[in-house]
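First comes the structure, then the notes that go with it.
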Amino acid sequence: MDVRQRFTLFAVTVAAAPLLVGGCTADQREAAKPGHAKPAAAPSVTLTPADRAKDVPISAEVGAAASGGKVTAVKLTDDKGRPVPAQPREDGSSWVPARPLENSRTYTAEVTVTGDSGRTTTQKTTFTTSAKSTRPAVTSNLYLTDNQTYGTAMPVVVGFDPPIPKEARADVQRRLFVKTDPPQPGTWSWDADGKQAEYRAPDFWKPGTKISVRSGLEGLPIGKEAVGDTDHTATAKVGRQVSLDIDNGTKQMSVYQDGKLIRRIPVSLGKPSTPSSSGTMVIMEKFDRTTFDTRGDPNGGYVVDVDDAQRLTWGGEFIHSAPWSEGEQGANNTSHGCTNVSAEAAHWLMGITKVGDLVTVKGTEVELDQGNGFTAWNVSWDQFAKGSALPVPPGLKPTPSATPHPGSVAGGSAPAPAPSRSNTGG
């Protein structure tokens, strides 16, 4: 994809103070004497979009760069005089409308700056948005559902089709907003292929945390050929801590809740020709009943209905009920890559787990591919942060933890240990 065509916005700058002309008057001589302070200069502000700018993207923000003071008021109205709600970015560099602007409409931003002396400057800029774009839209998906409760390892995930090229990722990332209560700042990280961006904090979410997300991409120019499709918003909650450790060496699953072992379950993993992936992942979605269809896979050729299935990867690895292999569970690997458990254990797990619970698999023949699922915890924090397209605050670091098993207690960080989405299972 071509380099993103950047929309250049011209600045409108308010003059600092009236220009004085003429000779040196008596009053000026008095002001120049020791003990007479010069009048404080008025603050100034540079606004974007520029006054009378046209064809402004509907994703535009009101930029306000103040000199000699601080921005103390911002008012944005449409061409009918109606107020448009907006919130400042954390760094104060711009005000972000709470919803996309409308196409072919005119907006006015009025910004007031107050200097240290109390002097104020108010400046306006009026701009017109572009007509609806005829460029193809990049499809985006926010994998967080409003009013749902998730596990403590749940990353915020946005998927893209087609993938976002490297040169456009910073602009897209700037339009991905996450707020947490209580505050637990984190960063976004991009998979190498650009199909997915994930957000997490250095540590697991604290139980009870509220996560508010906005993927504000509608109308955003993405390269020369595409635009963002729509805005997605969701507010969710973090529940109690549960994690699953699956050990191929022992053929056992250990289930932890709030750091305490509550059950061990015999498992049968992927046979050598179709091994399960070793790595740190999270439960992505849950089905009371679903169908696995592998007829399109090189090693496939079956269709089977399964109960109590929990997805771990886009490639089709699940934890699920497998009554047909109960005699092998705890002893031999017989699956096509899934974690087979008994019907009773699968049903019990469905009542214990949530989407976003941590699952660690170890000792198998292959490693988990980064991006094959929600893999934000499959790498160290430093590796994860390197995937950000924007600078990451240097103070963000995991809390030192003496926890012997990764993910057993919320608040600790897991150590380090692009497939298509399918229900191939097995």
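Going left to right, the sequence shown walks through residues -3 to 422 as my numbering numbers them. By construction, the Cβ of each residue, glycine as well, lies at the ideal position given by its N, Cα and C atoms. Because the structure is a prediction, the values reported are computed rather than measured.
Distance between N368 and W310 (C-alpha atoms, nearest Å): Reading the sequence shown from its first residue, position 314 is the one you call residue 310. Reading the sequence shown from its first residue, position 372 is the one you call residue 368. Whole-angstrom Cα-Cα distance: 5 Å.
Close beta carbons around T226, own chain, < 6 Å, minus the five adjacent residues each side: Residue mapping note: residue 226 aligns to position 230 of the sequence shown, counting from 1. The residues E214, in chain order, have a CB closer than 6 Å to that of T226 in the same chain once the five nearest residues on each side in sequence are set aside.
Element boundaries [beta strand (DSSP E), containing H316]: Residue 316 sits at position 320 when you count from the first residue of the sequence shown. First-last of the beta strand (DSSP E) with H316: F314 to S317.
Residues of its chain near M277, where Cβ-Cβ distance is below 7 Å and the 5 sequence neighbours each way are ignored: As a first step, residue 277 is located in the sequence shown; it is residue number 281 there, counting from the start. Cβ within range, chain order: L308, T309, V355, L364, G369, F370, T371 and N374.
Span separating the alpha-carbon of G141 from that of Q237: Counting from one through the sequence shown, the residue named residue 141 turns up at place 145. Counting from one through the sequence shown, the residue named residue 237 turns up at place 241. Reading the sequence as shown, one finds Thr at residue 141 and not Gly. In a straight line, the C-alpha of T141 is about 19 Å away from that of Q237.
Cut-off 7 Å between Cβ atoms - residues of its own chain near A230, not counting five sequence neighbours on either side: Taking the first residue of the sequence shown as 1, we reach residue 230 at position 234. Once the five neighbours on either side are set aside, the close Cβ partners of A230 are L138, L140, T141, D142 and V209.
Close-in-space but distant-in-sequence residues of the same chain around E340 (CB under 7 Å, 5 per side omitted): Translated into positions along the sequence shown, residue 340 becomes position 344. Cβ neighbours of E340 beyond the five flanking positions: none.
For V337, the residue or residues it bridges with in DSSP: On the sequence shown, position 341 is the one that residue 337 refers to. Per DSSP, S317.
Assigned exposure category for W377 - 16 Cβ within 10 Å defines buried: Walking along the sequence shown from the start, residue 377 turns up at place 381. Buried is the call here.
Residue-level contact to chain D via CB, P389, 7 Å cutoff: No chain D appears in the structure shown, which is made up of a single protein chain.
E163 in three-state terms, based on DSSP: For the purposes of this step, residue 163 is taken as the residue at position 167 of the sequence shown. In this structure, E163 counts as helix in the three-state DSSP scheme.
T176 beta carbon less than 7 Å from that of T205: Counted from its first residue, the sequence shown places residue 205 at position 209. Counted from its first residue, the sequence shown places residue 176 at position 180. It is a contact, given that the beta carbons lie within the stated cut-off.
Whether D301 touches M346 by CB criterion (7 Å): In the sequence shown, residue 301 corresponds to position 305, counting from 1. In the sequence shown, residue 346 corresponds to position 350, counting from 1. No, Cβ-Cβ distance for D301 and M346 is not below 7 Å.
Which residues DSSP lists as bridging Y146, in chain order: Mapped onto the sequence shown, residue 146 falls at position 150. The partner list for Y146 (beta bridge, DSSP) reads V234.
Exposure of T287, with buried meaning 16 or more beta-carbon neighbours within 10 Å: For the purposes of this step, residue 287 is identified with residue 291 of the sequence shown, where counting begins at 1. Classification of T287: exposed, given that the 10 Å Cβ count is below 16.
K175 - containing beta strand (DSSP E), residue span: Counting from 1 along the sequence shown, the entry for residue 175 is found at position 179. First-last of the beta strand (DSSP E) with K175: L172 to D177.
Cβ-based burial, K128 [other Cβ within 10 Å; buried from 16]: The residue you call residue 128 lines up with position 132 of the sequence shown. Classification of K128: exposed, given that the 10 Å Cβ count is below 16.
Bounding residues of the beta strand (DSSP E) (the contiguous stretch that carries D225): Counting from one through the sequence shown, the residue named residue 225 turns up at place 229. Where D225 is concerned, there is no enclosing beta strand (DSSP E), given that its DSSP letter is neither H nor E.
Same chain only: Cβ atoms within 6 Å of A318, ignoring 5 sequence neighbours per side: The residue labelled residue 318 in the question sits at position 322 within the sequence shown. Excluding residues within five positions, the ones whose Cβ falls inside 6 Å are N336.
Contact under 7 Å by Cβ, G65 with T44: The residue you call residue 65 lines up with position 69 of the sequence shown. The residue you call residue 44 lines up with position 48 of the sequence shown. Result no, Cβ atoms of G65 and T44 do not sit closer than 7 Å.
Cβ pair count under 8 Å reaching 3, the stretch 252 to 267 against the stretch 319 to 335: The stretch 252 to 267, when compared against the stretch 319 to 335, does touch it at the 8 Å Cβ threshold.
Which listed residue (T122, G77, T395 and V109) has its alpha carbon closest to that of A49: By 1-based counting over the sequence shown, the position of residue 49 is 53. Ranked by Cα distance from A49, the first of T122, G77, T395 and V109 is T122.
Proximal residues to T116 (C-beta, below 7 Å), its chain only, five neighbours per side dropped: Reading the sequence shown from its first residue, position 120 is the one you call residue 116. The residues are T108, V109 and T110.
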